[in-house]
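A.B. asks: Please see the structure below; I have some questions.
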Amino acid sequence: MEKIKKILLFSIIVIVVGSIMAVIIIEAEKKNMINKDENQNIVTEITNVKPTEDSLRFKKEYEEINGTIREKDGMLYNTVFIDENNPIVYIGIEKLVEILENQDKTIIYISSPTCPYCRATINTMLNAAKKSGISKIYYYDISVNESNKANYKELLEKIIEKKIADKTNEGSISWTLPQLLNVKNSNIIASTKGTDYEFESGQTKYSELTEKQKNHMYKHYIDTLSK
Numbered sequence: 000m001e002k003i004k005k006i007l008l009f010s011i012i013v014i015v016v017g018s019i020m021a022v023i024i025i026e027a028e029k030k031n032m033i034n035k036d037e038n039q040n041i042v043t044e045i046t047n048v049k050p051t052e053d054s055l056r057f058k059k060e061y062e063e064i065n066g067t068i069r070e071k072d073g074m075l076y077n078t079v080f081i082d083e084n085n086p087i088v089y090i091g092i093e094k095l096v097e098i099l100e101n102q103d104k105t106i107i108y109i110s111s112p113t114c115p116y117c118r119a120t121i122n123t124m125l126n127a128a129k130k131s132g133i134s135k136i137y138y139y140d141i142s143v144n145e146s147n148k149a150n151y152k153e154l155l156e157k158i159i160e161k162k163i164a165d166k167t168n169e170g171s172i173s174w175t176l177p178q179l180l181n182v183k184n185s186n187i188i189a190s191t192k193g194t195d196y197e198f199e200s201g202q203t204k205y206s207e208l209t210e211k212q213k214n215h216m217y218k219h220y221i222d223t224l225s226k
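Oh and the sequence shown: position 22 is 21 in numbering that gives the first Met the number 0, straight run, nothing missing.
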């Protein structure tokens, strides 16, 4: 009988302690959800950026190849997650040239979702844009084939004249990626082209950046956006 009493007492204690722990966990989860919602609202209010068709498309194109194999070299793409409240606005090559020739003040980002260096630095660039209060970034994706346009060669020549791209000895176009351009009165007044951080031991262009590397690129982007 004494043994049964001990078992019952132990069972009651376990149930009581378990119930208390469950209540604590549930309350903590509720608090975390409230804080998360509040933080999301604050970010949206500060940046004044809300999800658009283009911002969601940008998020999808960067995220849908997470962890897939790059056919060119058999390496795995790094995993990135893009905030849906991003300021990206898609443009084609004609709009790109038009902006470069006529826009008073704007920011242009040139990259590709399949570019390892672009993927490694994209969130650092977006964080710098948010910090700088940028509500619109015109985005040109070089992987989109627009060679069927009648004036394509002419448009490319204008881009080369602006020193955004180069022509190789074979006649093909070479881009330094990613590029962040600050354009004012049809002039590129500041830019960050490519990356210049040093790789750590064992790190490749597909690796996630270290905090030191992120801070290095962040300063570049802030400098470009603040001109």
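For glycine and all other residues, C-beta sits at the position ideal for the given N, C-alpha and C.
How far does the beta strand (DSSP E) with residue 116 in it extend, from its first residue to its last?
C.D. replies: To locate residue 116, count along the sequence shown from 1; it is residue 117. Residue 116 -> not in any beta strand (DSSP E); alpha helix (DSSP H) instead, spanning 115 to 130.
A.B. asks: If you draw a straight line from the C-alpha of residue 148 to the C-alpha of residue 65, how long is it?
C.D. replies: For the purposes of this step, residue 148 is taken as residue 149 along the sequence shown, with counting starting at 1. For the purposes of this step, residue 65 is taken as residue 66 along the sequence shown, with counting starting at 1. Their Cα atoms are separated by approximately 31 Å.
A.B. asks: Give the DSSP-derived three-state secondary structure of residue 223 in the structure shown.
C.D. replies: As a first step, residue 223 must be located in the sequence shown, where it is residue number 224. Helix.
A.B. asks: Closest to residue 96 by CA distance: which of 49, 215 and 164 is it?
C.D. replies: If you number the sequence shown from 1, residue 96 lands on position 97. It is 164.
A.B. asks: I'd like to check one pair, residue 103 with residue 226: are the Cβ atoms closer than 8 Å?
C.D. replies: For the purposes of this step, residue 226 is identified with residue 227 of the sequence shown, where counting begins at 1. For the purposes of this step, residue 103 is identified with residue 104 of the sequence shown, where counting begins at 1. Not a contact, by the Cβ cut-off of 8 Å.
A.B. asks: My output table needs one value for residue 92: the three-state DSSP class, helix, strand or coil.
C.D. replies: Walking along the sequence shown from the start, residue 92 turns up at place 93. Here residue 92 sits in helix by DSSP.
A.B. asks: By the DSSP assignment, the alpha helix (DSSP H) with residue 54 in it spans what residues?
C.D. replies: On the sequence shown, residue 54 is found 55 positions in, with the first residue counted as 1. Its alpha helix (DSSP H) spans residues 52 to 62.
A.B. asks: State yes or no: is the C-beta of residue 108 within less than 8 Å of the C-beta of residue 79?
C.D. replies: Within the sequence shown, residue 108 is the residue found at index 109, counting from 1. Within the sequence shown, residue 79 is the residue found at index 80, counting from 1. No; because the gap between Cβ atoms is not below 8 Å, this pair is not in contact.
A.B. asks: Would you list the one or two residues that DSSP bridges to residue 139?
C.D. replies: Taking the sequence shown and counting its residues from 1, one reaches residue 139 at position 140. In the DSSP output, where bridge partners are listed per residue, residue 139 has 109.
A.B. asks: Report the start-end ranges of each beta strand (DSSP E) in the region 147 to 211 that is 3 residues or longer and not cut off at the edges.
C.D. replies: Unbroken beta strand (DSSP E) stretches of 3 residues or longer found wholly inside the region 147 to 211: 164 to 166, 172 to 174, 178 to 183 and 186 to 192, given in chain order.
A.B. asks: Any contact of the region 128 to 145 with the region 187 to 199, i.e. 3+ C-beta pairs under 8 Å?
C.D. replies: no
A.B. asks: Where DSSP assigns a beta bridge to residue 99, which residues make up the other side?
C.D. replies: Numbered from 1 along the sequence shown, position 100 holds the residue referred to as residue 99. BP columns for residue 99 are empty, so no partner.
A.B. asks: Would residue 181 be called buried (16 or more neighbouring beta carbons within 10 Å of its own) or exposed?
C.D. replies: Translated into the one-based positions of the sequence shown, residue 181 becomes position 182. Buried, since its Cβ has 16 or more Cβ neighbours within 10 Å.
A.B. asks: Tell me whether residue 104 sits in a helix, a strand or coil according to DSSP, three-state version.
C.D. replies: The residue labelled residue 104 in the question sits at position 105 within the sequence shown. Here residue 104 sits in strand by DSSP.
A.B. asks: Buried or exposed, going by whether 16 or more other CB atoms sit within 10 Å of the CB of residue 143?
C.D. replies: Locating residue 143 in the sequence shown gives position 144, where the first residue counts as 1. Burial call: exposed.
A.B. asks: Starting from the Cα of residue 72, find the closest Cα among 220, 167 and 205 and give me that residue.
C.D. replies: As a first step, residue 72 is located in the sequence shown; it is residue number 73 there, counting from the start. Comparing Cα-Cα distances from residue 72 to each of 220, 167 and 205, the minimum goes to 205.
A.B. asks: Candidates 167, 171 and 162: which alpha carbon is nearest residue 146's?
C.D. replies: Sequence index remark: in the sequence shown, residue 146 carries index 147 (1-based). Comparing Cα positions, the closest option is 171.
A.B. asks: Distance check for residue 100 and residue 68, CA to CA, integer angstroms please.
C.D. replies: Sequence index remark: in the sequence shown, residue 68 carries index 69 (1-based). Sequence index remark: in the sequence shown, residue 100 carries index 101 (1-based). So the two alpha carbons sit approximately 38 Å from each other.
A.B. asks: Count the other CB atoms within 10 Å of the CB of residue 111; is the residue buried (16 or more) or exposed (fewer)?
C.D. replies: As a first step, residue 111 must be located in the sequence shown, where it is residue number 112. Classification of residue 111: buried, given that the 10 Å Cβ count is 16 or more.
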